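Below is one structure, written out as structure tokens; the observations come after it.
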Amino acid sequence: MVKSDKKLLVVDDDHMMRQFTQGVLISLGHECVTAGDAASALLRMKEDADIRVLIIDIRLGCGPGGTQLAKDVLAIKPDLGIILTSGDPHALQTAKMKIKQNVEVLPKPYRRRDLAARLSVWL
């Protein structure tokens, strides 16, 4: 396993999905932090300049969704890598077209190898 020097941020309103994804990322040798909503994710981004890749569920419940969060963070740090996730493949493609830069999509449910393949674009 190759340890990455890039920190990842997982943003998902589903606690179990956050834990699963964080566990997979740690098992792949990555440092990982989590947030349950867009506001918390933006706060994490301000507090931690080492975050380089975000894994964002496009439907975050209350508040801004994942697509808007991706746009907001890319406006601040355009070199970030973004992986959008959702159980709705059509919504994923629509979100990817709206953002247009540094975006990979990962349909839910996903496996460890699928997540690792998407991460390889930036790591």
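The sequence shown begins at 1 in our numbering and counts up by one.
Backbone N, C-alpha and C fix where the C-beta goes; we use that ideal spot for every residue, glycine too.
Small disclaimer: the values here were computed from a predicted structure and weren't measured.
- Beta-bridge analysis with DSSP links residue 115 to no other residue.
- Counting only residues of its own chain and dropping the five nearest sequence neighbours on each side, residue 41 has a CB closer than 8 Å to the CB of 9, 11, 35, 54, 56, 69, 73.
- If the five residues before and after residue 39 are omitted, its C-beta is found closer than 7 Å to the C-beta atoms of 63, all from its own chain and listed in chain order.
- In the DSSP assignment, residue 64 falls outside any beta strand (DSSP E) and carries neither an H nor an E.
- DSSP places residue 23 within a helical segment (H, G or I) once states are collapsed to three.
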